[in-house]
Amino acid sequence: MTNSAVLECQHLAKSYEDGDLKTHVLSDINLTVNKGDRIAIVGSSGSGKSTLLHLLGGLDNPTAGHITVQGQDINALSVNALSELRNQNLGFVYQFHHLLPEFTAVENVAMPLVIGGEQPKQAKLKAEELLVQVGLEHRLAHKPSELSGGERQRTALARALITKPACLLADEPTGNLDHRTAQAIFELIMQLNESLGTALVIVTHDTDLAAHMDRTLTLIDGQLGS
Numbered sequence: 179m180t181n182s183a184v185l186e187c188q189h190l191a192k193s194y195e196d197g198d199l200k201t202h203v204l205s206d207i208n209l210t211v212n213k214g215d216r217i218a219i220v221g222s223s224g225s226g227k228s229t230l231l232h233l234l235g236g237l238d239n240p241t242a243g244h245i246t247v248q249g250q251d252i253n254a255l256s257v258n259a260l261s262e263l264r265n266q267n268l269g270f271v272y273q274f275h276h277l278l279p280e281f282t283a284v285e286n287v288a289m290p291l292v293i294g295g296e297q298p299k300q301a302k303l304k305a306e307e308l309l310v311q312v313g314l315e316h317r318l319a320h321k322p323s324e325l326s327g328g329e330r331q332r333t334a335l336a337r338a339l340i341t342k343p344a345c346l347l348a349d350e351p352t353g354n355l356d357h358r359t360a361q362a363i364f365e366l367i368m369q370l371n372e373s374l375g376t377a378l379v380i381v382t383h384d385t386d387l388a389a390h391m392d393r394t395l396t397l398i399d400g401q402l403g404s
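Written as structure tokens, this is what we have:
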């Protein structure tokens, strides 16, 4: 593994078994993500893009291979240690926001800091600051049901970045938005990538978004290629 890598996987594979039927989804995936990298992963529906992202984020276990985050082999960690590593080093954004409906925008964004042990008052101040940065200063106390689709996605993005993670893993972050809102979210992701130095690994069908990344990798027949 590379010492300078934020996120790295070697010979990663994933398959599922159902009785005698074995389905190979990913095979011999190798990827190195360094600080500030901007990587798009594209491929047809069902090619395993989301599965790969879940593996890289430690949300699922590989059948074979190794993944390191900040030099630590995530599959060798306890559940609690893995949760702490994810909380401190990885941010996640999905096509659907996955905000907690009973909490306000500020509370949703502050939650990763609170879970990480920060005092709620300080976490809330940081959340407010980041929500202002993403243009939601007028929506701090609103719950997800009171926000538009674009506002919910900006809130989700702020939540993903509140810990200043080393890497942001985004699964179709603009896929559920109209073109204008998608463009605004894309520009925001790029600004935060530059200001925070956060590496981006984005799974997307959006060719415009992919074209603005440093590298575009294609997942075909379970293998990753340029």
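With this note's numbering as the guide, the letters of the sequence shown map in order to residues 179 to 404. All residues carry an ideal CB built from backbone N, CA and C; glycine is no exception.
Looking at the structure shown, is residue i part of a helix, part of a strand, or coil, going by DSSP?
i	result
R317	coil
K342	coil
H232	helix
Q250	strand
G310	For the sequence presented, residue 310 should be read as Val rather than Gly. Helix, per DSSP.
G224	coil
H189	strand
S373	helix
D392	coil
K213	coil
L397	strand
L120	Outside the displayed range of the chain (179 to 404) lies residue 120, so it cannot be described from this structure.
For residue i, I'd like the list of residues in its chain whose CB is within less than 7 Å of its CB, leaving aside the five on either flank, ordered along the chain.
i	result
T201	S193 and Y194
E329	L314 and R317
L306	Reading the sequence as shown, one finds Glu at residue 306 and not Leu. Once the five neighbours on either side are set aside, the close Cβ partners of E306 are V284 and L318.
G157	With the chain represented from 179 up to 404, any question about residue 157 goes unanswered, as that position is not in the structure.
V312	R332, L335, A336 and L366
Y272	D349
T394	A218, V220 and A388
Suppose contacts are defined by Cβ-Cβ distances below 8 Å. Is residue i in contact with residue j by that definition?
i	j	result
T352	D392	no
L234	L347	yes
A144	I380	Missing from the structure shown is residue 144; the chain here goes from 179 to 404 and no further.
T246	A183	yes
A388	T382	yes
P150	K213	Since the first residue of the chain shown is 179 and the last is 404, residue 150 is not available in this structure.
Return the chain-ordered list of same chain residues with a C-beta closer than 6 Å to the C-beta of residue i, the five sequence neighbours on each side being excluded.
i	result
G269	A338, L339, P343 and L346
Quick check: is any heavy atom of the ligand SAM less than 7 Å from the C-beta of residue i?
i	result
G221	With respect to the ligand SAM, the structure shown offers nothing to examine, as it has no ligands at all.
Would you grab the beta carbon distance between residue i and residue j for me? Rounded to a whole angstrom, and I think it's under 8 Å.
i	j	result
G294	T341	7 Å
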